[in-house]
């Protein structure tokens with residue numbers, strides 16, 4: 003009997019299905035973070051704090067440029083899941099082939115943006131002069147791997163839409179091991195510094211992309227890929243962008259606020275940047291576990307919308323909210339309690355560790371509220387409403403933080419004042435999302451009833 007990797011999202015026990023879907027996603031997210039964590043740890047331990055600050059100073063800028071296209075992959079996930087739930091298999095095929103072509107083109111565009119904009123944008127962020135050249139070098143080399151990064155993310159979105167979260171995990175495990183091996187070889191043996199860790203990351207990204215493309219080409223069923231069929235299907239392109247563009251713009255604006263925050267952190271010096279880099283990297287593991295539950299809510303809601311299982315959509319939301327609260331509280335507070343030991347992995351400098359603990363004491367312990375915000379967003383977006391969560395998040399989180407930076411932070415110029423803007427913005431945005439969910443749920447049901455009523 004042939005092994006199946008897919009999960010039935012529309013039938014059977016719900017909580018066990020959510021768990022089977024989310025756990026591989028969590029592990030996949032952890033492995034993706036290990037790409038960057040391996041870079042930071044290796045340069046921090048074997049090159050120095052300034053090299054670690056150089057790698058860390060690029061993260062918010064890289065996310066600003068990359069996450070727009072990754073946001074578009076949300077449109078791929080939603081459409082493929084909805085068409086699978088409705089058993090519209092021709093629509094699935096057209097969406098899959100359109101999405102992969104978008105990934106390749108988007109990756110090529112990102113190479114140009116990353117190489118051209120690296121220095122002027124890092125200078126505009128106020129990156130400390132003593133780490134600027136290394137940061138520019140790392141970013142330019144990192145962006146060479148963008149076509150592979152996009153191909154992997156869009157391919158993983160396709161597999162998630164049909165309930166397969168295990169094979170992307172296996173592919174990342176392989177490429178993650180390669181990344182660590184090459185990191186150590188290039189830095190310790192060849193003394194290549196930040197260039198070595200960037201090249202190692204690009205190699206690992208190419209491996210994960212090739213593995214997921216091979217998987218899609220060899221698999222049977224509606225998501226099978228033929229390279230000769232790659233083309234832009236205009237109707238699917240429009241629908242994918244309708245759902246994905248708001249998610250992409252939301253991610254861009256989120257990262258604009260993060261770039262402003264990074265610029266503010268830069269004003270405290272290289273050691274503060276290094277401590278913030280290490281602390282945020284540890285928090286990233288908490289976030290990726292919660293983000294897996296967001297992805298779960300998105301995919302399950304999309305498929306059940308296609309199947310018109312509205313009662314199950316409500317059950318998906320409540321179980322995902324409970325799950326993300328538990329995960330966020332346990333991992334967020336656990337990371338802070340073990341903060342000194344974890345930060346010591348990145349750097350042995352007491353000042354760097356102190357700066358990292360300051361950040362984690364505020365953000366990590368309250369991270370579960372960010373998870374609640376994201377789950378509501380995923381459920382609403384899974385029901386086909388993408389502009390609403392974009393506007394809510396941009397206003398409640400991004401705009402709030404930007405205003406905070408130019409007002410409250412100017413009055414009280416401390417890192418504590420800067421970091422506290424995160425949990426305040428998460429709580430405010432979540433409260434707005436509660437009302438939005440009930441409005442969207444009512445509209446979706448009314449539309450479905452209008453369609454099913456006889457003329």
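In my numbering, the protein residues as written are 3 to 457. Even for Gly, the Cβ is constructed at its ideal location relative to N, Cα and C.
Residue range of the unbroken alpha helix (DSSP H) whose run includes residue i
i, result
"residue 170", "168–186"
"residue 515", "Examination of residue 515 is not possible in this model, given that the chain is present from 3 through 457 alone."
"residue 127", "Premise fails: residue 127 is in no alpha helix (DSSP H) and is neither H nor E."
"residue 151", "148–163"
"residue 347", "341–348"
"residue 141", "131–145"
"residue 361", "352–365"
Alpha-carbon to alpha-carbon, residue j and residue i
i, j, result
"residue 159", "residue 165", "10 Å"
"residue 328", "residue 378", "16 Å"
"residue 357", "residue 167", "36 Å"
"residue 429", "residue 21", "26 Å"
"residue 247", "residue 74", "5 Å"
"residue 276", "residue 153", "31 Å"
"residue 5", "residue 244", "The predicted position of residue 5 is uncertain, since its pLDDT is 49 and thus under 50; no value can be drawn from it."
"residue 431", "residue 45", "37 Å"
"residue 203", "residue 144", "7 Å"
"residue 415", "residue 69", "29 Å"
"residue 91", "residue 50", "53 Å"
"residue 109", "residue 148", "5 Å"
"residue 19", "residue 300", "14 Å"
"residue 444", "residue 321", "20 Å"
"residue 312", "residue 376", "20 Å"
"residue 426", "residue 406", "10 Å"
"residue 352", "residue 47", "14 Å"
"residue 28", "residue 274", "29 Å"
"residue 1", "residue 449", "The structure shown does not extend to residue 1, since the chain spans only 3 to 457, so no value can be given for it."
"residue 383", "residue 350", "43 Å"
"residue 421", "residue 435", "22 Å"
"residue 269", "residue 408", "14 Å"
"residue 261", "residue 127", "7 Å"
"residue 125", "residue 230", "43 Å"
"residue 117", "residue 140", "10 Å"
"residue 157", "residue 410", "43 Å"
"residue 413", "residue 221", "58 Å"
"residue 16", "residue 215", "30 Å"
"residue 182", "residue 199", "9 Å"
Same chain, Cβ closer than 8 Å to residue i, five either side skipped, listed in chain order
i, result
"residue 424", "364, 365, 368, 372 and 403"
"residue 201", "143, 184, 188 and 194"
"residue 418", "360 and 364"
"residue 242", "74, 77, 78, 81, 97, 100, 101 and 104"
"residue 35", "283, 286, 287 and 290"
"residue 42", "54, 57, 58, 279, 280, 283 and 348"
Close Cβ partners of residue i (< 6 Å) along its chain, the five nearest in sequence each way excluded
i, result
"residue 359", "341"
"residue 26", "167, 168 and 171"
"residue 150", "207, 208 and 211"
"residue 400", "255, 256 and 259"
"residue 71", "108 and 152"
"residue 345", "280, 355 and 358"
"residue 297", "27"
"residue 315", "303 and 306"
"residue 391", "379, 382 and 383"
Close Cβ partners of residue i (< 7 Å) along its chain, the five nearest in sequence each way excluded
i, result
"residue 115", "67"
"residue 387", "442"
"residue 9", "19, 22, 23 and 165"
"residue 174", "30, 33, 34 and 210"
"residue 133", "52, 55, 56, 59 and 272"
"residue 190", "48"
"residue 389", "248"
Any non-hydrogen atom of the ligand FAD closer than 6 Å to residue i Cβ
i, result
"residue 176", "The ligand FAD is not among the ligands present in this structure, which contains no ligands whatsoever."
Interface flag, residue i vs chain D, CB-CB below 7 Å
i, result
"residue 164", "Absent from the structure is chain D; it holds one protein chain and no more."
At 4 residues or longer, and completely inside the stretch 51–103: list those alpha helix (DSSP H) runs for me, N to C. The stretch 51–103 contains these whole alpha helix (DSSP H) runs: 51–59 and 61–87.
Where are the alpha helix (DSSP H) runs, 4 residues long or more, that stay fully inside the stretch 370–444, in chain order? Runs of the alpha helix (DSSP H) inside the stretch 370–444: 370–384, 389–395, 402–408, 410–413 and 417–421.
Mind listing, in chain order, the continuous alpha helix (DSSP H) runs of no fewer than 4 residues lying wholly within the stretch 187–220? If we require 4 residues or more, the alpha helix (DSSP H) runs fully inside the stretch 187–220 come out as 195–220.
Segments assigned beta strand (DSSP E), at least 3 residues, entirely inside the stretch 10–49: The stretch 10–49 contains no whole beta strand (DSSP E) run of 3 or more residues.
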